[in-house]
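S.K.: If you scroll down you'll find the structure; I have some questions about it.
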Amino acid sequence: MKINLNDTIIACATKVSRQAISIIRLSGEQSIDIVNKILRNKLEIENKMQVRKLYENNDIIDESLILTFVNGKSFTGENVVEIQCHGGILLTNKIISLLISYGARPALPGEFSQRAYLNGKINLIQAESINNLIDSKNELALKINALNLEGKNNKSLLKIKESLIDLISKIQTSIDYPDYDDVEGSTTEEIQLELTKLKNQVTKILETSKRFNILNNGISTLILGETNVGKSSLLNSLIAEDKAIVTDIEGTTRDIVEGQLNFENFSLNLIDTAGIRNTKDEVEKMGIEKSISLIQTSNIILFVINKGKINYEIYEKIKDKKHIVVLNKVELLSENEIREIQDEFKDLVMVSALKGDIRNLISKIEEQFNNEDLLESEVPVLSNAFHIEMFKTILELLEKCSDNIEQGFTTDLINFDLYEILKILNNLLGIYDADEEVIDTIFRKYCLGK
Ligand SMILES: Nc1nc2c(ncn2[C@@H]2O[C@H](COP(=O)(O)OP(=O)(O)OP(=O)(O)O)[C@@H](O)[C@H]2O)c(=O)[nH]1
Ligand SMILES: [Mg+2]
Numbered sequence: 001m002k003i004n005l006n007d008t009i010i011a012c013a014t015k016v017s018r019q020a021i022s023i024i025r026l027s028g029e030q031s032i033d034i035v036n037k038i039l040r041n042k043l044e045i046e047n048k049m050q051v052r053k054l055y056e057n058n059d060i061i062d063e064s065l066i067l068t069f070v071n072g073k074s075f076t077g078e079n080v081v082e083i084q085c086h087g088g089i090l091l092t093n094k095i096i097s098l099l100i101s102y103g104a105r106p107a108l109p110g111e112f113s114q115r116a117y118l119n120g121k122i123n124l125i126q127a128e129s130i131n132n133l134i135d136s137k138n139e140l141a142l143k144i145n146a147l148n149l150e151g152k153n154n155k156s157l158l159k160i161k162e163s164l165i166d167l168i169s170k171i172q173t174s175i176d177y178p179d180y181d182d183v184e185g186s187t188t189e190e191i192q193l194e195l196t197k198l199k200n201q202v203t204k205i206l207e208t209s210k211r212f213n214i215l216n217n218g219i220s221t222l223i224l225g226e227t228n229v230g231k232s233s234l235l236n237s238l239i240a241e242d243k244a245i246v247t248d249i250e251g252t253t254r255d256i257v258e259g260q261l262n263f264e265n266f267s268l269n270l271i272d273t274a275g276i277r278n279t280k281d282e283v284e285k286m287g288i289e290k291s292i293s294l295i296q297t298s299n300i301i302l303f304v305i306n307k308g309k310i311n312y313e314i315y316e317k318i319k320d321k322k323h324i325v326v327l328n329k330v331e332l333l334s335e336n337e338i339r340e341i342q343d344e345f346k347d348l349v350m351v352s353a354l355k356g357d358i359r360n361l362i363s364k365i366e367e368q369f370n371n372e373d374l375l376e377s378e379v380p381v382l383s384n385a386f387h388i389e390m391f392k393t394i395l396e397l398l399e400k401c402s403d404n405i406e407q408g409f410t411t412d413l414i415n416f417d418l419y420e421i422l423k424i425l426n427n428l429l430g431i432y433d434a435d436e437e438v439i440d441t442i443f444r445k446y447c448l449g450k
């Protein structure tokens with residue numbers, strides 16, 4: 001369905017429920033006219049807060065604070081009216097229905113943000129960070145999403161774009177003026193150097209984004225080990241809740257049990273699994289297979305061991321992934337026994353899930369996920385899978401350009417791919433007239449006086 005962008009749209013920005021105030025928002029050319037239909041004292045066409053009585057035919061239905069945004073000074077860039085009416089399901093719905101009957105159309109999900117993007121008020125990444133801000137699970141994610149919303153990404157994206165346009169225009173100039181062999185920076189070595197710089201920047205963006213997304217969505221943390229080592233006890237102790245069943249019977253946990261643990265700067269999505277052992281029980285076997293298959297998708301593994309309960313086969317599978325070896329039931333071991341295990345696993349962390357003594361593990365986890373640097377980083381952070389794909393395509397195109405130069409292809413072919421990249425960047429930034437921009441740069445920076 002093609003949506004009509006000339007419509008004036010309406011939606012309740014707050015939940016429609018029994019509450020002190022509901023905020024009904026309209027956006028579009030007709031916003032003020034439509035709202036005026038339920039007022040006697042018409043709205044002034046200004047950026048202003050105005051108090052008005054609302055009417056249904058001759059009956060007063062409410063007195064509300066109304067905010068008007070005109071001359072592009074709104075979130076969407078269109079005329080916007082926000083009615084802060086008294087809350088209540090019936091009243092809120094009545095006002096919305098009345099305004100729909102006077103010409104407003106119910107907004108589609110995200111349509112206000114979509115209009116803001118189309119009118120150049122926000123870029124795609126900012127639009128995404130609105131969702132993320134609302135869904136933030138921890139303080140750091142909240143701060144980073146707020147910075148993205150503010151447009152922190154713009155600066156860095158614009159810088160990349162500037163380097164790209166610079167490169168395109170140098171190449172273009174050397175194509176257009178083949179006799180003029182003095183266009184600075186257009187030798188193949190210089191172009192390769194610029195491409196490498198761009199590739200490094202894009203790779204950094206993809207890496208930072210990956211870290212941020214793990215942080216934003218929760219770190220998938222697998223608790224793995226032999227039966228009876230205390231995995232479920234550890235889960236319960238970490239989340240301070242009796243979520244998983246704990247018994248001294250081997251093979252108690254057969255399916256996964258999940259729990260969430262929020263730190264100030266990150267969250268763990270904990271997954272307790274079926275203990276690993278040789279078993280004839282079909283259900284337990286399936287549980288064990290599931291535990292092992294989760295190794296691939298987890299971000300970190302807590303490999304839980306006890307004396308004589310170390311599964312080396314599993315350790316081989318996880319040792320090259322991010323992991324922490326956790327020696328549980330440490331209070332049952334002598335110093336000698338501990339030393340023997342420590343000789344094998346230098347970095348192990350000792351805990352007693354039963355006694356709730358898990359401080360060492362918490363500190364180790366905090367060390368591993370110190371993400372404060374993400375806040376300072378000037379690198380843009382992408383959280384939408386589609387935007388990440390766009391950047392992966394940019395990287396592929398840059399690599400293709402490098403390869404093409406290496407193989408001696410002409411520079412016009414390279415510029416063709418660079419233009420593609422520019423289109424993708426412009427799309428993210430909400431700008432469309434790529435060609436004009438390049439021409440602008442040629443004339444301003446590389447005018448050859450001909
Ligand atoms: N002494 C001591 N006992 C513990 C500790 N942690 C767990 N246990 C006991 O060890 C037994 C097994 O604990 P679980 O948490 O069920 O072990 P599990 O690894 O989940 O076992 P499966 O689900 O069978 O794989 C229970 O009796 C717990 O009370 C600990 O730190 N110290
Ligand atoms: Mg268990």
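Per the UniProt record's numbering, the sequence shown starts with residue 1, numbered consecutively.
Virtual Cβ for every residue (Gly too), placed ideally from N, Cα, C.
No experiment lies behind these values; they were computed from the predicted model shown.
Looking at residue 320 and ligand 2, is the gap between the Cβ and the nearest heavy atom below 7 Å?
M.R.: It does not: the Cβ of residue 320 is nowhere closer than 7 Å to a heavy atom of ligand 2.
S.K.: Can you determine whether any heavy atom of ligand 2 sits closer than 7 Å to the C-beta of residue 272, and answer yes or no?
M.R.: Result yes, Cβ under 7 Å from ligand 2.
S.K.: Short of 7 Å in beta carbon distance, which residues of its chain neighbour residue 428, apart from the five on each side in sequence? Order them along the chain.
M.R.: Excluding sequence neighbours, residue 428 sits near 123, 124, 125, 157, 387 and 390.
S.K.: Can you look up residue 260 in the DSSP assignment and give me helix, strand or coil?
M.R.: If DSSP states are grouped into helix, strand and coil, residue 260 belongs with the strands.
S.K.: Inspect the CB distances between the segment 65-78 and the segment 45-56 and report whether three or more fall short of 8 Å.
M.R.: The answer is yes - the segment 45-56 touches the segment 65-78, with three or more Cβ pairs under 8 Å.
S.K.: Contact between the segment 352-360 and the segment 319-335: three or more CB pairs below 8 Å?
M.R.: Result yes; three or more Cβ-Cβ pairs closer than 8 Å.
S.K.: So, residue 148 versus residue 136, is the Cβ gap smaller than 8 Å?
M.R.: Going by C-beta atoms, residue 148 is not nearer than 8 Å to residue 136.
S.K.: If you count every other CB in all the chains shown that lies within 10 Å of the CB of residue 365, and 16 or more means buried, which is it?
M.R.: Buried, since its Cβ has 16 or more Cβ neighbours within 10 Å.
S.K.: Does residue 454 pass the burial test, meaning 16 or more other C-beta atoms within 10 Å, or should it be called exposed?
M.R.: One cannot answer for residue 454 here, as it falls past the ends of the chain, which runs 1 to 450.
S.K.: Write down every uninterrupted run of the alpha helix (DSSP H) in the segment 184-227 whose length is 4 residues or greater and which is fully enclosed by it, in chain order.
M.R.: Fully enclosed alpha helix (DSSP H) runs of 4 or longer: 188-217.
S.K.: Taking all protein chains shown into account, do 16 or more other C-beta atoms lie within 10 angstroms of the C-beta of residue 445, making it buried, or fewer, making it exposed?
M.R.: With a pLDDT of only 47 at residue 445, under 50, the local geometry of the prediction cannot be trusted, and the value read off the model is given with reservation. By the neighbour-count rule (16 or more Cβ atoms within 10 Å), residue 445 is not buried but exposed.
S.K.: Using only the alpha-carbon positions, how far apart do residue 10 and residue 143 sit?
M.R.: Going by the C-alpha atoms only, they are around 30 Å apart.
S.K.: If you draw a straight line from the C-alpha of residue 374 to the C-alpha of residue 382, how long is it?
M.R.: Going from the Cα of residue 374 to the Cα of residue 382 covers about 12 Å.
S.K.: State the start and end residues of the unbroken beta strand (DSSP E) segment that holds residue 272.
M.R.: Note, residue 272: beta strand (DSSP E), 267-272.
S.K.: Is residue 283 helix, strand or coil when you go by DSSP?
M.R.: Note: residue 283 maps to helix in three-state DSSP.
S.K.: Any heavy atom of ligand 1 closer than 7 Å to the CB of residue 363?
M.R.: For ligand 1, not one heavy atom lies less than 7 Å from the Cβ of residue 363.
S.K.: On the DSSP letters alone, give me the boundaries of the alpha helix (DSSP H) that residue 127 sits inside.
M.R.: First-last of the alpha helix (DSSP H) with residue 127: 124-135.
S.K.: By Cβ distance, which residues of its chain are closer than 7 Å to residue 34, with the 5 residues on each side in sequence left out?
M.R.: The residues are 8, 26, 99, 102, 103 and 104.
S.K.: Taking C-alpha atoms, which residue in 327, 40, 349 and 336 lies nearest to residue 62?
M.R.: The residue with the shortest Cα to Cα distance from residue 62 is 40.
S.K.: Rounding to the nearest angstrom, what Cα-Cα distance links residue 93 and residue 85 in this structure?
M.R.: Going from the Cα of residue 93 to the Cα of residue 85 covers about 11 Å.
S.K.: Could you work out which residue in 198, 402, 154 and 87 is closest to residue 378 when comparing CA atoms only?
M.R.: Here the closest residue by C-alpha is 154.
S.K.: Could you check whether the Cβ of residue 354 sits closer than 7 Å to any heavy atom belonging to ligand 1?
M.R.: Result yes, Cβ under 7 Å from ligand 1.
S.K.: When we look at the beta-carbon of residue 247 and count the other beta-carbons within 10 Å, is it buried (16 or more) or exposed?
M.R.: The residue is exposed, with fewer than 16 neighbouring Cβ atoms inside 10 Å.
S.K.: Could you tell me the boundaries of the beta strand (DSSP E) in which residue 25 lies?
M.R.: Per DSSP, residue 25 belongs to the beta strand (DSSP E) from 21-27.
S.K.: Using DSSP bridges, identify the partner residues of residue 68.
M.R.: Beta-bridge pairing links residue 68 to 48 and 81.
S.K.: Using C-beta distances below 8 Å, list every residue in its chain close to residue 196, excluding the 5 sequence neighbours before and after it, in chain order.
M.R.: Excluding residues within five positions, the ones whose Cβ falls inside 8 Å are 402.
S.K.: What residue does the alpha helix (DSSP H) around residue 422 start on, and which one ends it?
M.R.: Counting along the chain, the alpha helix (DSSP H) containing residue 422 begins and ends at 411-429.
S.K.: Measure the alpha-carbon distance for residue 453 versus residue 14 and round it to whole angstroms.
M.R.: This structure cannot speak to residue 453, because the chain is shown only from 1 to 450.
S.K.: Can you name the start and end residues of the beta strand (DSSP E) that residue 382 belongs to?
M.R.: No beta strand (DSSP E) contains residue 382, which DSSP labels as neither H nor E.
S.K.: Note down, in chain order, each residue of its chain lying with its Cβ closer than 7 Å to the Cβ of residue 138, except the 5 sequence neighbours on either side.
M.R.: Closer than 7 Å at the Cβ level, and outside the excluded window around residue 138, lie 262, 263, 264, 265, 266 and 267.
S.K.: Please indicate yes or no: does the CB of residue 244 lie closer than 7 Å to some heavy atom of ligand 2?
M.R.: Yes.
S.K.: Below 8 Å on the Cβ atoms is my guess for residue 251 versus residue 275; work out the distance and round it to an integer in Å.
M.R.: Yes, residue 251 and residue 275 are in contact; Cβ-Cβ is about 6 Å, under 8 Å.
S.K.: Just verifying my parser: in three-state terms, what is the DSSP assignment at residue 117?
M.R.: It is helical.
S.K.: Within 10 angstroms of its Cβ, does residue 212 collect 16 or more other Cβ (buried), or is it exposed?
M.R.: Burial call: buried.
S.K.: Please find out if some non-hydrogen atom of ligand 2 comes closer than 7 Å to the beta-carbon of residue 253.
M.R.: Under cutoff, so the answer is yes.
S.K.: What number of angstroms, rounded off, separates the C-alpha of residue 198 from the C-alpha of residue 165?
M.R.: Approximately 12 Å between the Cα atoms of the pair.
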